[in-house]
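Peer 1: Under this note's numbering, the first residue of the sequence shown is numbered 10, with each subsequent residue one higher. Backbone N, C-alpha and C fix where the C-beta goes; we use that ideal spot for every residue, glycine too. None of these values were measured; they are calculated from a predicted model. One structure follows; several queries about it will come next.
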Amino acid sequence: MKTLSSAIALCAALCSASTFAAEAGSHLIKMGAGTVSYNSESTELSDNMGMGTALTPAGITAIADDHSVTLFSYDYFITDNWSVQFAAGTPPTVKQVATGTAAALGEVGESKALTPAVIGLYHFDLGSKLSAYVGAGVNYAKFMDVEIYESYEHAFGGESEGTVEDSVGGVVKIGANYALNESWSVDLAYSRYWVTSDIEVTTDTPQIGDVTRSISIDVDPDIYSLTVGYQF
Numbered sequence: 010m011k012t013l014s015s016a017i018a019l020c021a022a023l024c025s026a027s028t029f030a031a032e033a034g035s036h037l038i039k040m041g042a043g044t045v046s047y048n049s050e051s052t053e054l055s056d057n058m059g060m061g062t063a064l065t066p067a068g069i070t071a072i073a074d075d076h077s078v079t080l081f082s083y084d085y086f087i088t089d090n091w092s093v094q095f096a097a098g099t100p101p102t103v104k105q106v107a108t109g110t111a112a113a114l115g116e117v118g119e120s121k122a123l124t125p126a127v128i129g130l131y132h133f134d135l136g137s138k139l140s141a142y143v144g145a146g147v148n149y150a151k152f153m154d155v156e157i158y159e160s161y162e163h164a165f166g167g168e169s170e171g172t173v174e175d176s177v178g179g180v181v182k183i184g185a186n187y188a189l190n191e192s193w194s195v196d197l198a199y200s201r202y203w204v205t206s207d208i209e210v211t212t213d214t215p216q217i218g219d220v221t222r223s224i225s226i227d228v229d230p231d232i233y234s235l236t237v238g239y240q241f
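Rendered as structure tokens:
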């Protein structure tokens with residue numbers, strides 16, 4: 010009984026002492042999952058032929074489809090309260106969906122998106138186990154492996170190839186850490202990224218030749234994440 014009482018007392022002492030307070034020079038790595046919800050607004054699809062709506066009907070717009078993503082980040086604490094965070098994730102497949110007058114086409118293409126960000130964060134100590142943070146920074150979006158679906162090719166009459174310009178924009182982030190012990194924590198966060206996708210699709214059109222169509226989509230994703238952190 011004495012041994013059990015001592016063990017309970019020791020456990021209580023350790024739990025009450027658990028804190029996730031960072032110190033200048035410490036490191037924090039996190040990994041987990043997130044949900045990406047896009048706030049898409051786009052221009053209308055247009056072409057380079059100068060023939061009005063003869064080759065490209067008016068009113069064709071597009072959005073990016075929501076998806077999940079694996080996330081990771083690294084923080085270096087410059088002071089006890091300020092950290093610089095590098096945030097990224099495994100490049101997800103982002104599908105483009107036709108809207109407006111071409112909504113019946115559905116999904117028309119996809120690309121992989123790599124969106125690393127550098128964020129300055131200020132951390133608030135809310136108690137022995139809970140802390141919160143808020144910050145802002147810059148993101149760089151690189152789009153790769155662009156694929157144009159048959160739905161688009163059938164609509165515009167030929168094989169097509171696409172490109173998406175890289176983008177630089179802002180990012181804001183808020184979140185909270187809950188300490189499991191002195192090293193491990195659970196983190197909940199919300200981020201907003203400002204990202205613009207400038208897309209060009211060139212179609213080999215019979216009897217006409219190459220027709221290049223372009224559209225610009227402000228995708229501006231909201232990211233909701235749950236990660237596990239390790240501090241050292």
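Could you give the distance in angstroms between the alpha-carbon of Gln240 and the alpha-carbon of Phe133?
Peer 2: For the purposes of this step, residue 240 is identified with residue 231 of the sequence shown, where counting begins at 1. For the purposes of this step, residue 133 is identified with residue 124 of the sequence shown, where counting begins at 1. Spanning the two alpha carbons is a distance of roughly 16 angstroms.
Peer 1: Per DSSP, which residues does His76 bridge with? Please list them.
Peer 2: Locating residue 76 in the sequence shown gives position 67, counting from the first residue. For His76, which the question treats as bridged, DSSP gives the partners Val45.
Peer 1: Quick one: using the 10 Å Cβ neighbour count with 16 as the cut-off for buried, is Leu37 buried or exposed?
Peer 2: Here residue 37 is taken as the residue at index 28 of the sequence shown, counted from 1. Per the 10 Å Cβ criterion, buried.
Peer 1: Considering Tyr131, what are the terminal residues of the beta strand (DSSP E) in which it resides?
Peer 2: Here residue 131 refers to the residue found at position 122 when the sequence shown is read from its first residue. It spans 126-134 - the beta strand (DSSP E) in which Tyr131 sits, taken as one unbroken run.
Peer 1: May I ask you to report which of helix, strand or coil DSSP gives Ser160?
Peer 2: Counting from one through the sequence shown, the residue named residue 160 turns up at place 151. Here Ser160 sits in helix by DSSP.
Peer 1: Give the range of the beta strand (DSSP E) segment to which Glu168 is assigned.
Peer 2: As a first step, residue 168 must be located in the sequence shown, where it is residue number 159. First-last for Glu168: undefined, no H or E at that position.
Peer 1: Residue range of the beta strand (DSSP E) that Asn186 falls in?
Peer 2: Here residue 186 is taken as the residue at index 177 of the sequence shown, counted from 1. Per DSSP, Asn186 belongs to the beta strand (DSSP E) from 176-188.
Peer 1: How about Gly146 and Val127: are their beta carbons less than 8 angstroms apart?
Peer 2: What you label residue 146 is simply residue 137 of the sequence shown in a count that begins at 1. What you label residue 127 is simply residue 118 of the sequence shown in a count that begins at 1. Their beta carbons are under 8 angstroms apart, which means Gly146 touches Val127 by this criterion.
Peer 1: Given that a residue counts as buried once 16 or more other Cβ atoms are within 10 Å of its Cβ, and exposed if not, what is Glu116?
Peer 2: Your numbering for residue 116 matches position 107 in the sequence shown. So Glu116 ends up on the exposed side.
Peer 1: Is Phe139 helix, strand or coil when you go by DSSP?
Peer 2: Here the question's residue 139 lines up with position 130 in the sequence shown. This sequence places Leu at residue 139; Phe is not what is there. Note: Leu139 maps to strand in three-state DSSP.
Peer 1: What residue range is occupied by the uninterrupted beta strand (DSSP E) comprising Ile208?
Peer 2: Locating residue 208 in the sequence shown gives position 199, counting from the first residue. That run of the beta strand (DSSP E) goes 205-214.
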